[in-house]
Amino acid sequence: EGIDVVGWYLPSLSTPRRDVRRALSGIRFRSASGEQFDAFALDVEATTVRSIAKRTRLATSIVASVRRGAPAHYPLVAITIDPAGARYWPGYPFRQLAPNIDVFLPMAYFTARTSGVHNVREYTRRNVELIRELVGDSAFPVHPIGGDTHDAPLREVRAFLTQSALSDSLGASLWEYGRMTPAQWRALSVS
204 EGIDVVGWYL PSLSTPRRDV RRALSGIRFR SASGEQFDAF ALDVEATTVR
254 SIAKRTRLAT SIVASVRRGA PAHYPLVAIT IDPAGARYWP GYPFRQLAPN
304 IDVFLPMAYF TARTSGVHNV REYTRRNVEL IRELVGDSAF PVHPIGGDTH
354 DAPLREVRAF LTQSALSDSL GASLWEYGRM TPAQWRALSV S
C-alpha cells in the first residue's frame, strides 16, 4: 500500500539473550512476498528488573546488541518514558542509548499527565527539550507519541501536534489509532 511499517518489541530486560534474539528475528522477518519492516522499535520501558541501576545496564546492553546485529544503517528507534512526567525510572538512560538509536519516541501521553491547550503544549515541548538535553544533542530526532485518543479532546490533539512541529520533532503520532475519531485523523493528516 506504499506505507512504511515499523516492527515493535517490548524487551523484558530480565532475559537479555531472548530479548536480543526476538528483536533481531523481527528485524530479519520477511513476509511470503519478501516484504520486511522498514524500521524496528524497541519499547524500552519494562520494570521487571526492579533495580534501576541493573535495569539501565541491561537496557543499554540489549539495545547495543540489537544495533550490532541489525543491518548497517537500519533504522532503530526506542519507545521511551516521558522524561517530563514519568517517575518510575529515574535517570532513564537517554544518553547511553542514543549512540545506538536513530530516533526516540517518548510516550508523551498528555491525556494521563495534564489537560488544557497551554499545559499540553508545555508538556510536549518539555519532553522533546529534556530528551535533547539528556542526550546532549539539541537536534537529536524525537517523535512524541501523544495520549490515548479516546480521552483526547480535539483542541488538545491540535496543541500536541502543533507543539511537536514547533519543537522540530521528526513527527508525532497518537496512541490507540483504532479509537481515533475522523476529526483526530484529519488533525493528524495535516500536521
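At position 106 of the sequence shown the residue is numbered 309 (my numbering), and the sequence of numbers has no breaks.
Where is the CB? At the ideal position from N, CA and C, for every residue including glycine.
Quick one: what's got a C-beta closer than 6 Å to residue i's C-beta in the same chain, skipping five residues either side?
| i | result |
| --- | --- |
| Arg-335 | Ser-341, Phe-343 |
| Ala-281 | Leu-245, Val-247, Leu-300, Ile-304, Phe-307 |
| Met-383 | Thr-352 |
| Asp-354 | Thr-314 |
If I measure Cβ to Cβ from residue i and keep anything under 8 Å in the same chain, skipping five residues before and after, which residues do I get?
| i | result |
| --- | --- |
| Pro-219 | Leu-261, Ser-264, Ile-265, Ser-268 |
| Ala-386 | Leu-357 |
| Ser-392 | none |
| Asp-207 | Asp-241, Ala-242 |
What residue from the options has the CA that sits closest to residue i's CA?
| i | options | result |
| --- | --- | --- |
| Ala-287 | Ala-311, Ser-318, Gly-350 | Ala-311 |
| Ile-284 | Thr-317, His-276, Ala-249 | Ala-249 |
| Glu-325 | Ser-367, Gly-350, Asp-354, Val-345 | Ser-367 |
| Val-345 | Val-331, Asn-322, Thr-352 | Val-331 |
| Arg-253 | Ala-242, Glu-359, Tyr-291 | Tyr-291 |
| Ala-289 | Gly-205, Pro-309, Met-383 | Pro-309 |
| Gly-205 | Ala-235, Asp-241, Arg-225 | Asp-241 |
| Val-209 | Gly-350, Ser-318, Leu-279 | Leu-279 |
Give a yes or no on whether the C-beta atoms belonging to residue i and residue j are separated by under 9 Å.
| i | j | result |
| --- | --- | --- |
| Pro-347 | Ser-376 | yes |
| Pro-302 | Ile-255 | no |
| Leu-227 | Ala-273 | yes |
| Leu-373 | Ser-394 | no |
| Ser-370 | Arg-316 | no |
| Thr-352 | Tyr-295 | no |
| Gly-229 | Trp-211 | yes |
| Glu-379 | Val-323 | no |
| Phe-243 | Tyr-277 | yes |
Less than 7 Å between C-beta atoms, sequence neighbours within five positions excluded: which residues of the same chain meet that for residue i?
| i | result |
| --- | --- |
| Leu-337 | Pro-286, Phe-297, Arg-298 |
| Thr-251 | Ser-215, Leu-216, Ser-217 |
| Gly-339 | Arg-298 |
| Ser-333 | What sits at residue 333 in the sequence shown is Leu, not Ser. Excluding residues within five positions, the ones whose Cβ falls inside 7 Å are Pro-286, Ala-287. |
| Gln-239 | Phe-232, Arg-233 |
| Val-320 | Arg-358, Glu-359, Ala-362 |
| Arg-225 | Tyr-212 |
With a 10 Å radius around its C-beta and 16 neighbouring C-beta atoms as the bar for buried, classify residue i as buried or exposed.
| i | result |
| --- | --- |
| Arg-389 | exposed |
| Gly-381 | exposed |
| Asp-222 | buried |
| Arg-271 | exposed |
| Ala-235 | exposed |
| Ala-362 | buried |
> What are the start and end residues of each continuous alpha helix (DSSP H) run of 4 or more residues lying completely inside the stretch 324-370, in chain order?
Replying inline: 357-369
> Which runs of the alpha helix (DSSP H) fall wholly inside the stretch 237-281 and span at least 4 residues, in chain order?
Replying inline: 255-272
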